[in-house]
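One structure below.
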Amino acid sequence: MKHLAFLTSLSLLLSLLAIPAFAGEGALKLTLSQTECTQGEFFIVEAKGAQDEPTLFFMERKWQMFPEKEGRWIAMVPAENLSTPGGYAFLLQDGEREQRREVRVKASSLPVQYITLRGSKAGLHATETEKTRVRAALHSLTTEKLNRGPFTLPCNGAVTSIFGRKRSYNGGPATSYHKGVDFGAPSGTPILAPASGAVVLAGTVEEGFVVHGNTVILDHGRGLTSVYLHMSAITVKEGDLVQQGEEIGRVGHTGISTAPHLHWGAYLYGISVNPLLLLKESAL
Ligand SMILES: [Zn+2]
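If you're matching positions, the sequence shown starts at 248 in our numbering and goes up one per residue.
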């Protein structure tokens, strides 16, 4: 009898304790793809149970979230390659309610790369046209998700330069880094869209793209864009919707480039991330 009374009070206690955890559909939930990443990588953030569009903060800024099915909200949030390594927190707010998750950003330990530019290309600076148009295209925030599943490689060629290495040009300070992956390939090699998207920029040397060379930028939706530089030819135009695997141009040597290659970059909210991470099934 005593035993039964104990069980009854235990189950009553458990049911009381369970109330906050099972408060129904409305419980606010914040889920992260991982609790640590390296500079230049990103977190996938999911919110559930928000009454309205939730507000997400990380590294002292607000990040737009995008609606998914069944009341979920998603964001891919970058840990910038030059951000200070250490502990940070994601904070999700929905009205009065909030959820917080601690994460760690680890230092990338790639060595500095020293690059010498000779002749006419050493003195080239990006024109206002290319700076303005590239910046605008990289900050596209299309709510709709335009790609499906993992990316594929955009070009058949060996990787000649990896993402994220800090760079010094002609002996200057290493305040920049390689914002993409380079594939060495002969001029004319086809460049294929690694994922479906909208062409938000198709810029040529003649229009002022003297540093980037002939350039294409694809918008994949939800703050994710990808760039293709130094092309010998562009085979799409702004406003086109391209499918994964469709040709968008050809490998070349235009702009600041020491040999024919494709520079492939990926950006989240205008911040450069390692594009090779998008090849993983779990990334998207
Ligand atoms: Zn490059």
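The beta-carbon is built from N, C-alpha and C at its ideal position, and this holds for glycine as well.
The residue among Gly342, Lys413 and Pro420 with its C-alpha nearest the C-alpha of Gly427 is Lys413. Secondary structure at Ser434: coil, using DSSP grouped into helix, strand and coil. The straight-line gap separating the alpha-carbon atoms of His425 and Thr379 is approximately 20 Å. Of the candidates Leu471, Pro325 and Asn403, Asn403 places its Cα closest to the Cα of Glu494. When Leu364, Glu327, Val489 and Leu524 are compared, the shortest CA-CA separation from Gly419 is found for Leu364. Counting along the chain, no beta strand (DSSP E) covers Glu288, and no H or E run does either. Rounded to whole angstroms, the gap between the alpha carbons of Val406 and Asp429 is 6 Å.
With a cutoff of 7 Å, Ser408 counts as near ligand 1, since its C-beta is closer than that to a heavy atom of the ligand.
Nearest Cα to Gly517 within the set Thr376, Glu528 and His467: His467. Per DSSP, the unbroken beta strand (DSSP E) holding Leu465 starts and ends at Asn461 to Gly468.
Taken from the Cβ of Asp466, every heavy atom of ligand 1 lies 7 Å or farther away.
In this structure, Gly450 keeps its C-beta atom at 8 Å or more from the C-beta atom of Arg497.
DSSP, reduced to helix, strand and coil, places Gly450 within a strand of the structure shown. Under DSSP, the beta-bridge partners assigned to Gln340 are Thr302 and Glu345. Judged by beta-carbon spacing, Leu465 lies within the 8 Å limit of Val489, meaning their Cβ atoms are closer than that value. Within the DSSP bridge table, the entry for Gln360 names Arg414 as partners. When the five nearest sequence neighbours on each side are left out, the beta carbons in the same chain lying within less than 7 Å of the beta carbon of His510 are those of Gly427, Asp429, Leu476 and His477, in order along the chain. Listed as beta-bridge partners of Pro314 by DSSP are Trp320. Leu279 is bridged by DSSP to Val292.
If you draw a 10 Å sphere on the C-beta of His508, you find 16 or more other C-beta atoms in it, and that means buried. Taking each of Val381, Lys295 and Pro522 in turn and checking the Cα distance to Leu277, the smallest one comes out for Lys295. The alpha-carbon separation between Ala373 and Gln346 amounts to approximately 43 Å.
With a beta-carbon spacing of about 6 Å, Leu275 and Ala297 fall inside the 8 Å limit used to define contacts.
Taking C-beta atoms under 8 Å as the contact rule, Arg469 and Lys392 qualify, at a distance of about 5 Å.
Straight through space, the alpha carbons of Val352 and Thr331 are spaced by roughly 8 Å. It is roughly 18 Å from the alpha-carbon of Pro401 to the alpha-carbon of Ser504. When rounded, the separation of the alpha-carbon atoms in Thr482 and Leu385 is 20 Å.
Only residues of its own chain outside the window of five on either side were considered, and among them Gly296 and Gln298 have a CB closer than 8 Å to the CB of Gly273, listed in chain order.
Counting along the chain, no beta strand (DSSP E) covers Ala297, and no H or E run does either.
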